[in-house]
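**Q** Chains as they are written, first to last, in the working numbering: chain A, 1 to 390; chain B, 391 to 780.
We put the beta carbon where it would ideally sit given N, CA and C, even for glycine.
The structure presented is a predicted model; accordingly, all values stated were derived computationally and were not measured.
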């Protein structure tokens, strides 16, 4: 069973094909796992071997090509006709003498694309340099065009069904954040808090079971709060330190992310000031969101506000978010930052991520929102404050 | 704090440099996150943006290059001198006008490698086709050699310290599998079992906290047991179905994997026969393991045994395993399969993965072992049987 009805995928394909026509390609070789899922429903942890969805510009169902043992997952999770599900033998996997992209090339050739204009995702995770080398070598008469992010830009404006699933993810992350704040306590090991958080993420709610998010629980405690992508450890949480929590609910691989910060003890004045400024900055940023606004406008509203309070932030304050697999839940398209002139449209969705990574400590506050017809809707409902525990 | 003392990394670098000399490269551009960790200790969830460890053939500490906000993670987790930790500005990230590999290229040039023989990991996850294009364009006088898996082959033979950490992961997976078998019950949602499994993986033991493994819990229930990489769902486990569990303990990013199968009800005779044959096949395979044996010898011992019982398996039965990040815990070097002539050496470690994916159902049995001086050592202790629950 695909996550959505067939007509949802048909609409996505139609929007993709419109962009393919603009890009002047005959066929699209989609290898980003999130894009494969988006266009066909395909959902399996098989992206550690080469696989692809082939989308011809002309009407008709795409083709799925992957490892033989994963073809059954394609049958179970996509809307594709079974004769569009093709696979390669297991001895292609990690072979020293042949490469799965040779098989993909032969499928392209068999379907009349040996001399076609083939669009590929040149900067997508898992589309390695060798993948392209093998394809070029196998199809010397084809023209290869790097159309990276073409499908990601289609994904950037969500459908009503996708918004509904992100709302379900919001119900999950509300629970997850409460579990997390409860778990962070002096003397508790960081890994034990991470364990409870992951449990809550995957259990979901009674109504909506969860997936493992594309990013693991981010639990940045004490000195790790100064760097956003540190791993948790066995060390216990300590008194008089801050812990930043960047977490997500994940439903049908759609994400609703949220960050909050917990302080164990009496927070220093400086942290209070950062917390207040960040909260004001978030309000200012959200107030700037509406159809027609540019992404850079939202960042500017934030920047003006925190600059007034005497703070600054050198990194972007958010990005488009939606369906994804590890290692990252972002759509990799629009960013909330200076010089990003993407025009906001209704049902674009962003993770507004205000990470203040200071010298030796940090503070995080973030929420996921959608652009509405008139402004914004924050998906999850959770107090925006510094959580202080004795 | 790096996971191991400095001398461990020095030994790894020395072994890597010996292979670099054989490969005739002046410098290695290491982008595989597991290889970056292996050579320097670097551990952060930052591999969703371009980053690299640069290893000169000549003695001296490697260089770390990554995103500015992650430099602090490099300071906290590696043994590198601080002036070997270099970073790029945040506006390189997902930019439409510049690429982080331009910055990496400038670092290479600044350190005298603008005309060097540069080895890169051409088939490594996250080393995209565009990464290589940008490097070639930025350093037109350099020679780029695809030395993919060079570091992975160094990783394939573990050090005593690594073996010790894999033993810790074994203690974790023993607990995890018991939690999993207890959790699979008629009427329980699959996601709720997954939640408890993940919780156990990350909690670890009192002595050794866990990491989130490179592969999520694999819970293949009923029809999903016919395909190895399916995701769990909200659906409850049903009576008279099998559930295959492929799980891992993960400690300091080192994995000990294990698979077992649970049947809810009275197993059909066919499943009993597969279970018995698989168990015999595993014993035969393990009996063939010793220094000097070839990987294909192990597979042959398995194949002869299950063929006698009237079964066959078209996919490989195992692979080298160790330190890794998502999406996969394999070393991507030696496989236990026909025609793999890798010679087994002491302290190579393998996941012997006997997945029998049949028509509409399946059975899995697997364990992780190391090659010893005289034979093998299975890391985890757990009954090798079909678990039958009423």
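1. Taking a contact to mean a Cβ-Cβ separation below 8 Å, would you say residue 326 (chain A) touches residue 222 (chain A) in this structure?
2. Opposite residue 276 (chain A) in the DSSP bridges: which residues?
3. For the alpha helix (DSSP H) that residue 693 (chain B) lies in, which residues bound it at each end?
4. Taking 8 Å as the CB-CB limit, is residue 648 (chain B) close to chain A?
5. Could you name the residues of the stretch 562-584 of chain B whose beta carbon sits closer than 7 Å to any beta carbon of chain A, in the order they occur along the chain?
6. By Cβ distance, which residues of its chain are closer than 7 Å to residue 146 (chain A), with the 5 residues on each side in sequence left out?
7. Can you name the residues that DSSP bridges to residue 752 (chain B)?
8. So, helix, strand or coil for residue 518 (chain B), using DSSP?
9. Using three-state DSSP, classify residue 233 (chain A) as helix, strand or coil.
10. So what's residue 184 (chain A) in DSSP terms, helix, strand or just coil?
11. If we ignore side chains and look at the alpha-carbon of each, how far apart do residue 351 (chain A) and residue 321 (chain A) end up?
12. Using a C-beta cutoff of 8 Å, does residue 164 (chain A) count as contacting chain B?
13. Would you kindly work out how many angstroms separate the C-alpha atoms of residue 493 (chain B) and residue 478 (chain B), rounded to a whole number?
14. Taking Cβ-Cβ distances below 8 Å as the criterion, which residues of the stretch 233-255 of chain A are in contact with chain B?
15. Just by C-beta distance, which residues in the stretch 31-57 of chain A are closer than 8 Å to chain B?
16. What are the partner residues of residue 715 (chain B), as DSSP defines its beta bridges?
17. Can you give the Cα-Cα distance for residue 389 (chain A) and residue 658 (chain B), rounded to whole angstroms?
18. Which residue spans inside the stretch 545-598 of chain B form an unbroken alpha helix (DSSP H) run of at least 4?
19. I'd like the span of the alpha helix (DSSP H) that includes residue 246 (chain A), first residue to last.
20. Could you give the first and the last residue of the continuous alpha helix (DSSP H) run that contains residue 149 (chain A)?
21. Can the beta-carbon of residue 447 (chain B) be found less than 8 Å from the beta-carbon of residue 483 (chain B)?
22. Go to residue 463 (chain B), then tell me how far its alpha helix (DSSP H) extends in each direction, as first and last residue.
23. Helix, strand or coil for residue 430 (chain B)? Go by DSSP, reduced to three states.
24. Are there 16 or more other CB atoms within 10 angstroms of the CB of residue 739 (chain B), so buried, or fewer, so exposed?
25. Can you tell me the Cβ-Cβ gap for residue 260 (chain A) and residue 172 (chain A), rounded? I've got them flagged as a contact below 8 Å.
26. How about residue 602 (chain B): is its C-beta nearer than 8 Å to some C-beta of chain A?
27. What whole-angstrom Cβ distance do residue 135 (chain A) and residue 177 (chain A) have, given they're in contact under 8 Å?
28. Mind listing which residues of the stretch 118-136 of chain A have their C-beta closer than 8 Å to chain B's C-betas, in chain order?
29. Taking contact to mean at least 3 C-beta pairs separated by less than 8 Å, is the stretch 375-389 of chain A in contact with the stretch 359-367 of chain A?
30. Name the residue from B:638, B:718 and B:580 whose alpha carbon lies nearest to the alpha carbon of residue 610 (chain B).
31. Taking DSSP as the reference, what is the three-state secondary structure of residue 48 (chain A)?
32. How about the stretch 283-299 of chain A and the stretch 411-425 of chain B: do they share at least three Cβ pairs that are nearer than 8 Å?
33. Please report the Cβ distance between residue 696 (chain B) and residue 667 (chain B), rounded to the nearest whole angstrom; I am assuming they are in contact, meaning their Cβ atoms lie under 8 Å.
34. Does DSSP put residue 377 (chain A) in a helix, in a strand, or in coil?
35. When the cut-off is 8 Å and only beta carbons count, does residue 682 (chain B) lie next to chain A?
36. Quick one: is residue 614 (chain B) near chain A, going by C-beta distance under 8 Å?
**A** According to the structure data:
1. Residue numbering aside, residue 326 (chain A) sits at position 326 when the first chain is read from its first letter. Residue numbering aside, residue 222 (chain A) sits at position 222 when the first chain is read from its first letter. By the CB criterion at 8 Å, residue 326 (chain A) and residue 222 (chain A) fall outside the cutoff.
2. Here residue 276 (chain A) corresponds to residue number 276 of the first chain, with the count starting at 1. DSSP lists no partner for residue 276 (chain A).
3. The sequence position of residue 693 (chain B) within the second chain is 303, counting from 1. First-last of the alpha helix (DSSP H) with residue 693 (chain B): 685-698.
4. Position 258 of the second chain, counted from the first residue, corresponds to residue 648 (chain B). Residue 648 (chain B) has a beta carbon lying at 8 Å or more from every beta carbon in chain A.
5. From the stretch 562-584 of chain B, only 579, 581, 582 and 584 have a Cβ closer than 7 Å to chain A.
6. For the purposes of this step, residue 146 (chain A) is taken as residue 146 along the first chain, with counting starting at 1. Within the same chain, Cβ atoms closer than 7 Å to the Cβ of residue 146 (chain A) are found at 120 and 122, the five residues on either side in sequence being excluded.
7. As a first step, residue 752 (chain B) is located in the second chain; it is residue number 362 there, counting from the start. Beta-bridge pairing links residue 752 (chain B) to B:747.
8. One-based indexing of the second chain puts residue 518 (chain B) at position 128. Here residue 518 (chain B) sits in strand by DSSP.
9. One-based indexing of the first chain puts residue 233 (chain A) at position 233. Coil, per DSSP.
10. The residue labelled residue 184 (chain A) in the question sits at position 184 within the first chain. In the structure shown, residue 184 (chain A) falls within a coil segment according to DSSP collapsed to helix, strand and coil.
11. Position 351 of the first chain, counted from the first residue, corresponds to residue 351 (chain A). Position 321 of the first chain, counted from the first residue, corresponds to residue 321 (chain A). Roughly 6 Å separates the two Cα atoms.
12. Numbered from its first residue, the first chain carries residue 164 (chain A) at position 164. At a cut-off of 8 Å between beta-carbon atoms, residue 164 (chain A) makes no contact with chain B.
13. Walking along the second chain from the start, residue 493 (chain B) turns up at place 103. Walking along the second chain from the start, residue 478 (chain B) turns up at place 88. If I take the Cα positions, the gap works out to 7 Å.
14. The stretch 233-255 of chain A vs chain B, Cβ under 8 Å: 233 and 234.
15. Within the stretch 31-57 of chain A, contact with chain B at the beta-carbon level (separation under 8 Å) is assigned to 43, 44, 45, 46, 47 and 48.
16. The residue labelled residue 715 (chain B) in the question sits at position 325 within the second chain. None, per the DSSP bridge assignment.
17. For the purposes of this step, residue 389 (chain A) is identified with residue 389 of the first chain, where counting begins at 1. For the purposes of this step, residue 658 (chain B) is identified with residue 268 of the second chain, where counting begins at 1. Residue 389 (chain A) and residue 658 (chain B): Cα-Cα distance of roughly 55 Å.
18. DSSP runs (the alpha helix (DSSP H)) wholly in the stretch 545-598 of chain B: 550-573 and 580-593.
19. As a first step, residue 246 (chain A) must be located in the first chain, where it is residue number 246. Going by DSSP, residue 246 (chain A) is part of no alpha helix (DSSP H) but of the beta strand (DSSP E) stretching over 241-251.
20. Here the question's residue 149 (chain A) lines up with position 149 in the first chain. That residue, residue 149 (chain A), is in no alpha helix (DSSP H); it is neither H nor E in DSSP.
21. Within the second chain, the letter at position 57 stands for residue 447 (chain B). Within the second chain, the letter at position 93 stands for residue 483 (chain B). It is not a contact, given that the beta carbons lie outside the stated cut-off.
22. Indexing the second chain from 1 puts residue 463 (chain B) at position 73. Here the alpha helix (DSSP H) through residue 463 (chain B) covers 461-467.
23. Sequence index remark: in the second chain, residue 430 (chain B) carries index 40 (1-based). The answer is helix: DSSP assigns residue 430 (chain B) an H, G or I state.
24. Taking the first residue of the second chain as 1, we reach residue 739 (chain B) at position 349. Residue 739 (chain B) is buried by the Cβ-count criterion.
25. Against the first chain, residue 260 (chain A) aligns to sequence position 260. Against the first chain, residue 172 (chain A) aligns to sequence position 172. In this structure residue 260 (chain A) does not touch residue 172 (chain A) by the C-beta definition: roughly 15 Å separates them, more than the 8 Å allowed.
26. Position 212 of the second chain holds residue 602 (chain B). So yes, residue 602 (chain B) belongs to the interface.
27. On the first chain, residue 135 (chain A) is found 135 positions in, with the first residue counted as 1. On the first chain, residue 177 (chain A) is found 177 positions in, with the first residue counted as 1. Going by Cβ atoms, the distance from residue 135 (chain A) to residue 177 (chain A) rounds to 44 Å, so no, they are not a contact pair.
28. Within the stretch 118-136 of chain A, the residues whose Cβ lies closer than 8 Å to any Cβ of chain B are, in chain order, 120, 122, 123, 124, 125, 126, 127, 128, 129, 130, 131, 132 and 133.
29. Judged by Cβ distances under 8 Å, the stretch 375-389 of chain A makes contact with the stretch 359-367 of chain A, as three or more pairs qualify.
30. As a position in the second chain, residue 610 (chain B) is number 220, starting the count at 1. Sorting B:638, B:718 and B:580 by C-alpha distance to the C-alpha of residue 610 (chain B) places B:580 at the top.
31. Indexing the first chain from 1 puts residue 48 (chain A) at position 48. Residue state, collapsed to three classes: coil.
32. Touching, no, given that fewer than three Cβ pairs across the two stretches are closer than 8 Å.
33. Here residue 696 (chain B) refers to the residue found at position 306 when the second chain is read from its first residue. Here residue 667 (chain B) refers to the residue found at position 277 when the second chain is read from its first residue. Sure, about 5 Å apart at Cβ, within 8 Å.
34. Sequence index remark: in the first chain, residue 377 (chain A) carries index 377 (1-based). Of the three classes helix, strand and coil, the one that applies to residue 377 (chain A) here is strand, per DSSP.
35. Position 292 of the second chain, counting from 1, holds the residue named residue 682 (chain B). No, residue 682 (chain B) lies away from the interface with chain A (no Cβ there is under 8 Å from its Cβ).
36. In the second chain, counting from the first residue as 1, residue 614 (chain B) sits at position 224. Interface residue, yes.
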